[in-house]
Amino acid sequence: MRDILPEEQVYWQKIIQVVKNIASAYGFEKIDTPILEETALFAKGTGSTTDIVEKEMYSLKTKGGDDLSLRPEFTPGIIRAYLENGLFSWPQPVKLYSLGPLFRHEHPQAGRYRQFHQINFEIIGEKNPVLDSEIIHLFFIIFKELGLKKINIQINSIGCPSCRPVFRKLLVDYYRNKTKLICADCQERLKKNPLRLLDCRREKCQEITEGAPQIIDDLCSECRSHFKNVLEFLDELDLPYFLNSHLVRGLDYYTKTVFEFWPEETEGKAQIALAAGGRYDDLVKLLGGRPTPAVGAAAGLERIIALMKAQAVKTLNKPLPRLFLVQLGDLGRKKSLKLFEELRKAGLAAAASFSRDSIKAQLKIADKLGVKFSLILGQKEALDKTILIRDMSSGVQEIVPTEKVIKELKKRLKK
53 MRDILPEEQV YWQKIIQVVK NIASAYGFEK IDTPILEETA LFAKGTGSTT DIVEKEMYSL
113 KTKGGDDLSL RPEFTPGIIR AYLENGLFSW PQPVKLYSLG PLFRHEHPQA GRYRQFHQIN
173 FEIIGEKNPV LDSEIIHLFF IIFKELGLKK INIQINSIGC PSCRPVFRKL LVDYYRNKTK
233 LICADCQERL KKNPLRLLDC RREKCQEITE GAPQIIDDLC SECRSHFKNV LEFLDELDLP
293 YFLNSHLVRG LDYYTKTVFE FWPEETEGKA QIALAAGGRY DDLVKLLGGR PTPAVGAAAG
353 LERIIALMKA QAVKTLNKPL PRLFLVQLGD LGRKKSLKLF EELRKAGLAA AASFSRDSIK
413 AQLKIADKLG VKFSLILGQK EALDKTILIR DMSSGVQEIV PTEKVIKELK KRLKK
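Under our numbering, think of the first position of the sequence shown as 53, with each following residue one higher.
The following block contains the structure:
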C-alpha cells in the first residue's frame, strides 16, 4: 500500500475527469458500494476456487461474529446492490460505473499494490452482443482521451454452461499426463477449475498452454453467433483487436465474451493488462436474482498512470494565478482573507502567502509565479478602504478604492 502524493494527483484528476465525461455521454450513472462486504458475497460471486478468494482477500471476523472482507473487486457488490435496491425494476439495461479503492493481498510487483484503484463499468439486463462491444469501445475511448497510444485488445469467448463441459473434458485429457510439468497451483486447478489452467502466467505452464485445445472450436451455436456479432461490431468500430484463444480471465462468473486491454509489448518488460472484463450472464441468478444477462469491465488506475508517465502523456495544467495578494500588518492580514475570497468568487485566480510579513519576500514570490499584478493591502490601505495595484512588469502602482478593485482588475486583465 502506498501514499498518493500531491505531484501525482494531476494524473488522478485527469483520469477522473475523462471517466466522468465519457460515463455521462454514454448514459452511465455512478454507484458507490461499501468497501467492506460479507465474505460470502465474494466466495459465491467471484468464485471460491479463484486465487482472489483462496489467497488474496483481506478478511476479518467482527466481535459480533460476522465474516467480512475488504472488497477485492467491484462486480459482486454492484450486483448485490442491484438486487437489494430493486434496480431490476428500472428500465433495462441498467448502466452503472464506479471508481475507488480495492484490496488484494498479492505479491508486490510492478504495477500492483495491495490497495489499488479501479474504474468499473457494468451494463446489467440485456444480452445483445452490441453491449459487449459498447463496453470494449468505451474503455478504448477512455484510453484514447487520456492520450495513451498503442493499446491493443485481446479477446476470446469462453462459452456458456451448455458448451463448456465438452471443452473442460478435452482440457483435462490434454493435461492428464502433464501434471508433473505444471506448477503446484495448476495441479490444484486441474482438480477444481481446469479452465484456469490457461490463465497461469508462469513460463513453464505457458509453454504447455500453447498446445492446449482451443475453446472457440467447441462453442455451441448460440455462443458462436454471439461472439461473431461482437467481432463484427468491433470491426465496424475499427478497433485493434486480436483473437487470443487461451484468454479465460481469473474469475468464475464469466460467460461468452472475455477481453483484456494491453499496451504494445515493450522490449525487456513484462506486459500488464490495463483493463479487463467480459460477459457474466449467470451472476445475478447465482446471487439470488432472476436470470439476468450482464457485461462489464474494470481498469487499474495505477497501471494507467504508470503508462501515462512512460508515454509522457500531458496532464491537466493547474490554472496559474494572475494576481498575488500582498498583506502587511495585522489589520491588512485580516482584511486580505476576506478580499482573497472575493477574488475567488469573481473568478480571478490569485495567490497569497498569509503567514509572511515582509513585503519584499511576498513580492519575490509574486515575481516567481509570474503574476500580472500584485495587490498590496497594509494598515493604511485597510483604514482608507483602498488597495494598491502594482503592475509587476512596469513596477507602476495605483491606488484603487476597495469597492472598485474587482471591476478594475477584470478590465486590466482583459487587456
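Heads up, the beta-carbon is just placed ideally off N, CA and C, and yes, glycines get one too.
DSSP state of residue i, grouped into three classes?
i	result
residue 142	coil
residue 315	strand
residue 126	coil
residue 80	coil
residue 183	helix
residue 96	helix
residue 169	strand
residue 329	strand
residue 425	strand
residue 147	strand
residue 217	helix
residue 55	coil
residue 304	coil
residue 248	helix
residue 403	strand
residue 334	coil
residue 121	strand
residue 174	strand
residue 384	helix
residue 105	helix
residue 309	strand
residue 233	helix
residue 164	strand
Span of the alpha helix (DSSP H) holding residue i?
i	result
residue 355	353 to 362
residue 412	411 to 421
residue 277	273 to 288
residue 459	457 to 466
residue 366	Run containing residue 366: none; DSSP gives neither H nor E here.
Could you tell me which of the options sits nearest to residue i, measuring between CA atoms?
i	options	result
residue 130	169, 99, 91, 85	85
residue 157	121, 189, 188	121
residue 190	350, 429, 385	350
residue 431	402, 384, 421, 150	384
residue 233	254, 371, 221, 304	254
residue 70	81, 196, 291, 447	196
residue 356	294, 58, 63	63
residue 249	297, 360, 212	297
residue 353	57, 68, 59	68
residue 192	147, 315, 341, 246	315
residue 236	449, 414, 257	257
residue 221	313, 247, 239	247
residue 151	338, 428, 87	87
Which residues bound the beta strand (DSSP E) around residue i?
i	result
residue 376	375 to 379
residue 268	Looking at the DSSP string, residue 268 is not in any beta strand (DSSP E), and its letter there is neither H nor E.
residue 207	203 to 209
residue 88	88 to 90
residue 452	449 to 453
residue 438	438 to 443
residue 198	Element bounds for residue 198: n/a, residue is neither H nor E.
residue 113	111 to 113
residue 295	293 to 295
Contact check, residue i vs residue j under 8 Å by CB: the rounded distance?
i	j	result
residue 424	residue 377	With a Cβ gap of about 13 Å, residue 424 and residue 377 do not count as contacting.
residue 204	residue 294	6 Å
residue 291	residue 188	7 Å
residue 461	residue 400	6 Å
Using 6 Å as the cut-off, classify the Cβ of residue i as near or not near the heavy atoms of the ligand FAD, replying yes or no.
i	result
residue 287	You won't find the ligand FAD in this model; it holds no ligand whatsoever.
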